[in-house]
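**Q**
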Amino acid sequence: MNLPLPVVLAHARLAMDMVTVSDVEVPSSASLAYDAQEQLIGLVDSALVGWKVGATSSASQGMLGVKTPICGPVFERTLVESGTEIAVSNFHHRPGLESEFAFTLGMTIRPGGAVMNAKAAREVVSAVHPAIELVCSRFDSNFDVDPALLVADGALHAALVVGPGTDPDEVEDLRTHQLRSLVNNEEIATGTGNEVLGDPFESLAWLCNHLSRRSLTLHAGSIVTTGAATGLHLTSADQLFTTDGGNLGSVSLNLMG
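Under my numbering, the sequence shown has 43 at position 7, and the numbering climbs by one with no breaks.
Shown next, in the form of structure tokens:
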């Protein structure tokens with residue numbers, strides 16, 4: 037008898053086992069995929085400290101085979117300090133790297149409230165950060181699986197590096213604010229908040245509305261990373277990866293092996 041999907045995925049994290057796609061049952065709907073994800077959260081021995089939003093551009097939605105954003109949990113064990121040296125062997129695959137805008141929530145958002153939009157989302161943010169998300173799945177074929185499995189697995193979240201925080205009242209329009217991605221101090225890509233659902237605050241609003249529909253609370257102090265602003269960058273060798281947010285500051289990670 038096959039184990040339930042959330043149990044398989046939780047064990048894969050604990051034991052660093054790869055999950056063979058053909059050995060698991062694919063959730064038959066997005067709702068069931070998120071049911072599995074929420075069960076996974078309860079099985080992972082680490083505090084839930086925030087959320088990631090992914091598939092926030094037409095390019096990333098096309099790559100993953102979805103028509104809407106997806107989201108997944110950020111655990112305390114997946115937070116990494118800026119400047120840390122981390123081995124590729126800590127992950128199930130060589131991770132992709134994304135430069136993102138992240139937020140710290142200044143208030144708790146409970147289910148059942150008014151539908152959130154970008155303007156309202158900005159009001160609940162206490163800090164804006166540059167961030168690096170590391171992405172990969174626990175499946176043997178990595179990204180190339182049914183999107184319902186990716187959602188159940190936590191929407192490809194592997195790790196998150198969060199940079200310094202800035203009061204949102206001191207931040208210019210994020211739709212035009214530029215992030216730069218650098219490898220070994222050489223610029224490889226740039227992008228603005230417009231690449232993230234048109235506005236990173238729109239990404240946060242989407243998450244708030246999703247969690248409300250799922251009867252989940254988004255707690256004050258949570259970190260929310262909003263989606264790739266400069267695209268997905270696949271790692272190929274030892275490298276220093278930096279997200280430069282201009283007057284938001286910068287954040288970096290040494291990926292080894």
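Built from N, CA and C at the ideal position, the CB exists for glycine as well. It should be emphasised that the depicted structure is a prediction, and the values quoted were computed from it without experimental measurement.
Can you list, in chain order, the residues of its chain with a C-beta nearer than 7 angstroms to that of W242? Leave out the 5 residues immediately preceding and following it.
**A** Closer than 7 angstroms at the Cβ level, and outside the excluded window around W242, lie V89, P105, L233.
**Q** How many Å lie between F111 and S258 at the Cα?
**A** Each residue's alpha carbon lies about 10 angstroms from the other.
**Q** Quick one, which of A225, A91, A188, H246 has its alpha-carbon nearest G263's?
**A** Comparing Cα positions, the closest option is A91.
**Q** Would you call M26 buried or exposed, if buried means 16 or more other Cβ atoms sit within 10 Å of its Cβ?
**A** Given a span of 37 to 293 for the chain in the structure shown, any question on residue 26 remains unanswerable.
**Q** By Cβ distance, which residues of its chain are closer than 8 angstroms to A156, with the 5 residues on each side in sequence left out?
**A** If we look at A156 and ignore the five residues flanking it on each side, its Cβ neighbours are A150, A241.
**Q** Taking all protein chains shown into account, decide if E206 is buried (16 or more other Cβ within 10 angstroms of its Cβ) or exposed.
**A** Burial call: exposed.
**Q** For T266, which option in R174, L133, Q73 has the closest C-alpha, if you only look at C-alpha atoms?
**A** Taking only the C-alpha atoms, the option nearest T266 is L133.
**Q** Please report the straight-line C-alpha distance between G285 and D209, rounded to a whole angstrom.
**A** When rounded, the distance between both Cα atoms is 16 angstroms.
**Q** Rounded C-beta distance between L84 and P63? I'm assuming under 8 angstroms.
**A** Incorrect: roughly 21 angstroms between the Cβ atoms, too far for contact.
**Q** Roughly how many angstroms separate the alpha carbons of G229 and H213, rounded to a whole number?
**A** Taking the straight line from one Cα to the other gives about 6 angstroms.
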